[in-house]
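Asker: In the numbering used here, the protein residues as written are 248 to 528.
Structure below; questions to follow.
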């Protein structure tokens, strides 16, 4: 379970030493999550802290969550489960599931086929809610749905910022970025995964590159238990359905090492601003 000693703590400490604490939280934010659970893993503690400070926060789920276990359960049934779980998790984080949770409902693993539609819909959400801050997966987060989410949200941000003359702060949060050494040791990896794993480890410079990228953090120590509770509400991702031993869960990834990355007392971000004069890429 999350909370065990993080074996890669030396690398994590390097990030913390290089980081700058975000003490002034935004008064309004849109959180874009490719899948149901990314919002909790990447910035659940920050969401809770913003809500407690009185901020208007809304979570936008891009995909319908229909394929994570589609080989074991009907995809539409699974999508319904994950939608309900996400609303429970958002409630734990302090959100109103009826007004603060938005589903784009696009087919999971196919976001790349809907990029123009996503840009249009996200631009409409930005114009409607006028957020001070945007939370989105890190641009090099490996998973195709995460990469597409980042790309389309940033494209919509540029359009909105130019038209409205707005400035918005962007916080990119890592999820699958951690899937390399030293965060994820090479235990029992299939041989076919080794070239990709080795390349990611080299690109990450053994963890040190993260200290240059994710230079801002929010201290979530006071709400860490709420984050744990929120993730537990994503039951299809944290508990083996009907005790099926073949049902994969998040704790299986790296024998729990990957999940540990999200349960320290800090959530880290690549932070920058986009405005109508210039954007910072």
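Beta carbons are placed, not taken as given, at the ideal position from N, Cα and C, and that holds for glycine.
Given the structure is predicted, the values throughout are model-derived calculations rather than measurements.
1. Please report the straight-line C-alpha distance between residue 517 and residue 419, rounded to a whole angstrom.
2. Counting only beta-carbon separations shorter than 8 Å, does residue 466 have a partner in chain E?
3. What residue does the alpha helix (DSSP H) around residue 483 start on, and which one ends it?
4. Output needed for residue 252: all residues of its chain with C-beta closer than 6 Å, excluding positions within five of it in sequence on either side, in chain order.
5. On the DSSP letters alone, give me the boundaries of the alpha helix (DSSP H) that residue 406 sits inside.
6. Quick check: what's the CA-CA separation for residue 393 versus residue 384?
7. Taking 8 Å as the limit between beta carbons, can you name the residues of its chain near residue 292, skipping five residues before and five after?
8. Give me the residue from 342, 359, 297, 351 with the minimum Cα distance to residue 368.
9. Under 8 Å: do the region 333 to 353 and the region 406 to 422 share three or more Cβ pairs, one atom per stretch?
10. Taking residue 424 as the reference, give the member of 310, 417, 458, 492 with the closest Cα.
11. Straight-line CA distance for residue 481 to residue 332?
12. Between residue 310 and residue 354, how many whole angstroms is the CB-CB distance? I'm expecting something under 8 Å.
13. Are residue 360 and residue 389 closer than 8 Å when you measure CB to CB?
14. Could you tell me which whole beta strand (DSSP E) segments of length 3 or greater appear in the region 313 to 383?
15. Nearest by alpha-carbon distance to residue 279: which of 307, 492, 449 is it?
16. Compute the Euclidean distance between the alpha carbons of residue 491 and residue 375, then round it to the nearest angstrom.
Answerer: Based on what the coordinates show:
1. Translated into the one-based positions of the chain shown, residue 517 becomes position 270. Translated into the one-based positions of the chain shown, residue 419 becomes position 172. In a straight line, the C-alpha of residue 517 is about 5 Å away from that of residue 419.
2. The chain labelled as chain E is not found in the depicted structure, where only one protein chain is given.
3. The residue given as residue 483 occupies position 236 in the chain shown. Boundaries of the alpha helix (DSSP H) harbouring residue 483: 482 to 485, taken from the DSSP string.
4. Translated into the one-based positions of the chain shown, residue 252 becomes position 5. Model confidence at residue 252 stands at a pLDDT of 45, short of 50, so the residue's coordinates are unreliable; what they give is reported in the following sentence. Here the set comprises nothing.
5. Position 159 of the chain shown, counting from 1, holds the residue named residue 406. Counting along the chain, the alpha helix (DSSP H) containing residue 406 begins and ends at 391 to 411.
6. Within the chain shown, the letter at position 146 stands for residue 393. Within the chain shown, the letter at position 137 stands for residue 384. Those two C-alpha atoms are separated by around 6 Å.
7. Locating residue 292 in the chain shown gives position 45, counting from the first residue. 465, 467, 470, 471, 473, 474, 514, listed in sequence order.
8. The sequence position of residue 368 within the chain shown is 121, counting from 1. Comparing Cα-Cα distances from residue 368 to each of 342, 359, 297, 351, the minimum goes to 351.
9. The answer is no - the region 406 to 422 does not touch the region 333 to 353, with fewer than three Cβ pairs under 8 Å.
10. Position 177 of the chain shown, counted from the first residue, corresponds to residue 424. Of the listed residues, the one whose Cα sits closest to residue 424 is 458.
11. As a working mapping, residue 481 is identified with position 234 in the chain shown. As a working mapping, residue 332 is identified with position 85 in the chain shown. For residue 481 and residue 332, the distance between alpha carbons rounds to 5 Å.
12. Here residue 310 refers to the residue found at position 63 when the chain shown is read from its first residue. Here residue 354 refers to the residue found at position 107 when the chain shown is read from its first residue. Sure, about 7 Å apart at Cβ, within 8 Å.
13. For the purposes of this step, residue 360 is taken as residue 113 along the chain shown, with counting starting at 1. For the purposes of this step, residue 389 is taken as residue 142 along the chain shown, with counting starting at 1. For residue 360 and residue 389, no; Cβs fall outside 8 Å.
14. 348 to 353
15. Translated into the one-based positions of the chain shown, residue 279 becomes position 32. Minimum Cα distance to residue 279 is reached at 307.
16. Start at 1 with the first residue of the chain shown, and residue 491 comes out as number 244. Start at 1 with the first residue of the chain shown, and residue 375 comes out as number 128. Roughly 43 Å between the two C-alpha positions.
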